Structures are given as structure tokens and as C-alpha cells.
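K.L.:
To start, I am sharing the structure in question, which I have written as C-alpha cells.
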Amino acid sequence: MAKLAIPLFLYTETPLHPGTGAQVGTVDLPIQRERYTDYPIIQGSSLKGVFRSLARECNWQSDEIAAMFGPETGEADKHAGAISFTDARILLFPVRAIGTVFAWTTCPHVLARLRRDLTHCGLDGLPNVPAPPAKDGALVPTGSALLSGSAQQGPIILEEFSYTAEANQDIKQLGDWLSRQLFTNDAAFGFWKTKLAADLVVLPDNEFREFAKTATEIVTRVRLDENTKTVQPGALWTEEHVPSDSAFCALVLLQDPMADNKQASWTAAWVSQKIKTFDGQRIQVGGDETTGRGFALVRFGGGNDGKAR
């Protein structure tokens with residue numbers, strides 16, 4: 001049983017392809033999805049591998065890596081690692097919007113799961129948000145440019161769909177809270193913090209689900225013959241990508257290392273301190289690394305006061 005848990009937030013800066021390795025529909029290489037919701041996910045095994053590789057790149061001692069992530073495959077029966085990752089689940093999904101180029105969407109179901117996950121970490125602070133008022137309704141922050149002028153209610157256009165939106169101060173507070181979790185205080189993220197607080201849309205669960213299913217990027221790729229520069233036979237395929245500017249959240253579960261050669265100071269708290277040294281760094285997760293896919297900003301949530309940022 002884990003002694004500690006911390007939330008891990010990922011913000012994608014380039015399109016992301018957490019592939020399934022098998023065709024399940026018209027797309028040759030689809031992304032990973034939850035079976036019962038169809039929400040995009042990043043499997044925990046992928047995250048663990050990425051952070052293990054990052055630890056190597058940062059020249060961690062080999063015994064520290066083995067204690068935290070487990071021994072290499074040939075010695076996997078010696079002991080388990082001290083760190084586990086849940087699947088990273090979608091938190092914010094970007095869609096095209098009239099008036100603001102794009103907006104981030106989420107829904108009550110996603111926010112309820114986030115609140116539940118934060119209780120595992122002993123954290124609170126997630127603002128309470130009411131549900132959208134109707135099937136075709138939406139909630140937006142007070143003063144959002146998604147609504148024309150200073151209107152408090154009116155139509156908004158997301159992709160090709162129209163919703164009747166209501167301005168709500170709670171949504172602005174939610175956007176402020178999420179911006180503190182997802183972005184660092186670096187000046188480079190000032191624009192994004194302001195935009196998230198203004199261009200966040202809470203949709204009904206089913207409407208969000210449809211966007212998460214149908215508004216991903218579908219890319220057609222080919223492989224060329226080196227000599228003729230024509231497409232090789234059978235070398236045309238389609239890939240599905242999660243868009244840039246999406247956000248995910250996972251839980252990182254920590255326990256005391258079980259390695260025989262562990263030092264006395266190696267506790268779950270030590271594991272937490274070590275993994276949090278990656279806070280604010282960028283990782284590359286998923287497929288197509290050599291074509292620039294999968295860059296994401298890493299943020300670990302929570303502080304010593306039991307509050308999220």
C-alpha cells in the first residue's frame with residue numbers, strides 16, 4: 001500500500017500519440033482510450049518508462065534508479081519499485097472556438113474524478129463548479145471573450161456546434177486554479193495562464209465525450225522509396241494524435257524502497273523529493289519522438305499545507 005500520493009499534471013506542447021499498437025477502427029494507429037468513456041489516456045507504464053529514462057539522463061545513481069523504479073528486466077524478481085503511476089486521464093481538451101481561436105473544454109465528470117483523485121493526496125482547493133444548465137448549455141468564465149461584449153448569457157460556437165453559455169464566476173476561479181497547477185511562474189506562461197482563466201468551458205458530460213472522441217487530429221503519413229521518391233507499396237497509414245494544449249492528470253503513488261542495499265534515508269518522503277526534482281521540466285511521451293510529437297510540461301501538485309497550488 002502506498003504511503004504517499006502526489007498528483008502529476010501534464011500539459012502537451014506538441015501533438016501526442018500514446019498509441020495502442022493495434023487498429024480498432026478506420027484509423028490505422030489510434031490513441032489509447034478508456035474502454036467505458038472513450039476519453040484519451042496515457043498508460044501508467046508509459047509514464048514510468050519516461051521518468052526512468054529521464055532519471056538516467058540526469059545521471060542519477062543506478063542504485064537510486066533501481067530502488068525507485070525497480071531493477072532492470074533481468075533482475076525484476078529481486079524487488080518492486082517504490083513508485084507507481086496511474087494512467088494519466090484527460091483533464092482539459094482544446095477545441096476550435098469563434099472569437100478566441102480555441103477554448104479548453106472539460107465536464108463535471110472529469111472534474112469529479114479529479115476531486116476524488118486529490119483526496120488520495122490529502123489535497124483540497126479545487127473550486128466547486130455547478131453543472132451546465134441544459135444538454136446544449138455551457139458555463140464560461142465571467143468576462144470571457146467567448147460571449148459577445150459584456151453579455152452574461154448567449155451563444156458560443158465550438159467547432160461547428162452552438163451552445164447556450166452562461167457566465168459564471170466559479171468557472172473563472174476554476175481556470176485560475178488549473179493555471180496554477182499546469183504552468184510555472186515563468187513569464188513564458190503568462191499568456192497561457194490568462195487565457196485559461198478566460199477561455200475555459202464546462203460542457204455536459206456527453207458533449208465533452210463527443211469532442212474527446214471526434215476532435216482529435218488524424219494525420220496521414222507515407223514512407224517514400226529512397227531512390228524513386230514515390231510511396232512504397234503499402235506504406236500509407238493514418239495516425240491519431242491528442243491535440244497540443246491538452247492537459248492530463250495522473251497519480252504518483254509512493255512507498256518506502258524495498259531494495260536490500262537501500263540507505264536509511266530512503267523513505268517514501270525521499271522518493272517524493274527525488275521525483276519532484278522534475279517539476280517544471282519537459283518530457284517526451286508516446287510515439288513519433290523523432291517527428292517532434294509528445295512534448296509535455298511536467299507539474300507535480302500539492303504542498304506541505306495540504307492545499308493544492
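Final position of the sequence shown in full-length UniProt numbering is 309; the numbers increase by one with none missing.
Even for Gly, the Cβ is constructed at its ideal location relative to N, Cα and C.
Computed from a prediction, not measured in an experiment: that's the story for all the values here.
1. I'd like to know if the stretch 104–121 and the stretch 281–290 are in contact, where contact means that at least 3 CB-CB pairs between them fall below 8 Å.
2. Whose C-alpha, out of Val129, Leu126, Asn168, is nearest the C-alpha of Leu146?
3. Hey, how far is the Cα of Ser265 from the Cα of Asp124?
4. Rounded to a whole number of angstroms, what is the C-alpha to C-alpha distance between Arg56 and Ala66?
5. With 16 other CB atoms within 10 Å as the buried threshold, where does Tyr11 fall?
6. Taking the beta strand (DSSP E) that Arg33 falls in, what are its first and last residues?
7. Assuming residue 350 and Glu13 make a contact with CB atoms under 8 Å, what is their CB distance in whole Å?
8. If you draw a straight line from the alpha carbon of Glu64 to that of Ala131, how long is it in whole angstroms?
9. For Gly19, name the three-state secondary structure that DSSP assigns.
10. Quick one: what's got a C-beta closer than 8 Å to Asn206's C-beta in the same chain, skipping five residues either side?
11. CA-CA distance, Gly81 and Phe102?
12. How big is the Cα-Cα spacing for Asn59 and Arg52?
13. Whose C-beta lies closer than 6 Å to the C-beta of Lys307 among residues of the same chain, with five residues either side of it excluded?
14. Kindly list the residues whose CB is nearer than 6 Å to the CB of Gly280, restricted to its own chain and excluding five residues on each side of it in sequence; keep chain order.
15. What did DSSP end up calling His241 once you bin it into helix, strand or coil?
16. Where DSSP assigns a beta bridge to Pro40, which residues make up the other side?
17. For Tyr163, is the classification buried or exposed, using 16 other Cβ atoms within 10 angstroms of its Cβ as the cut-off for buried?
18. Nearest-angstrom Cα distance between Arg89 and Leu236?
19. Can you check whether the CB of Phe85 is closer than 7 Å to the CB of Gly44?
20. Quick one: give me the first and last residue of the alpha helix (DSSP H) that Phe183 is part of.
21. Tell me, to the nearest whole angstrom, how far the beta carbon of Arg221 is from that of Glu159; I am working on the premise that it is less than 8 Å.
22. DSSP state of Thr194, grouped into three classes?
23. Determine whether the beta carbon atoms of Thr238 and Val27 lie at a separation below 7 Å.
24. Along the chain, where does the beta strand (DSSP E) containing Ala88 start, and where does it finish?
25. Would Asp87 pass as a contact of Ile31 if the rule is Cβ separation under 7 Å?
26. Can you tell me whether Ala5 is buried or exposed? The criterion is at least 16 other CB atoms within 10 Å of its CB, across all chains shown.
27. Quick test of your reading: His241 and Arg293, contact by CB under 8 Å. State the CB separation rounded to the nearest angstrom.
28. In angstroms with no decimal places, state the Cα-to-Cα distance between Asp100 and Asp199.
29. In whole angstroms, what separates the C-alpha of Pro15 from that of Asn227?
30. Taking only runs of the beta strand (DSSP E) that begin and end inside the stretch 108–151, which ones reach a length of at least 3 residues, in chain order?
31. State the Cα-Cα distance for the pair Gly175 and Leu92, rounded to the nearest angstrom.
32. Taking the CB atoms as reference points, tell me whether Met68 and Val271 lie closer together than 7 Å.
P.N.:
Reading it off the structure:
1. no
2. Asn168
3. 29 Å
4. 11 Å
5. buried
6. Run containing Arg33: none; DSSP gives neither H nor E here.
7. Only positions 1 to 309 of the chain appear in this structure, which leaves residue 350 out of reach.
8. 46 Å
9. strand
10. Lys135
11. 41 Å
12. 11 Å
13. With a pLDDT of 48 at Lys307, under the threshold of 50, the predicted position of this residue should be treated as unreliable, and no value is reported.
14. Thr184
15. strand
16. Arg33
17. buried
18. 30 Å
19. yes
20. Careful: Phe183 lies outside any alpha helix (DSSP H) and carries neither H nor E.
21. Going by Cβ atoms, the distance from Arg221 to Glu159 rounds to 24 Å, so no, they are not a contact pair.
22. helix
23. yes
24. 88–97
25. no
26. buried
27. 7 Å
28. According to the sequence displayed, residue 100 carries Thr and not Asp. The straight-line gap from Cα to Cα measures roughly 7 Å.
29. 31 Å
30. 137–141
31. 11 Å
32. yes
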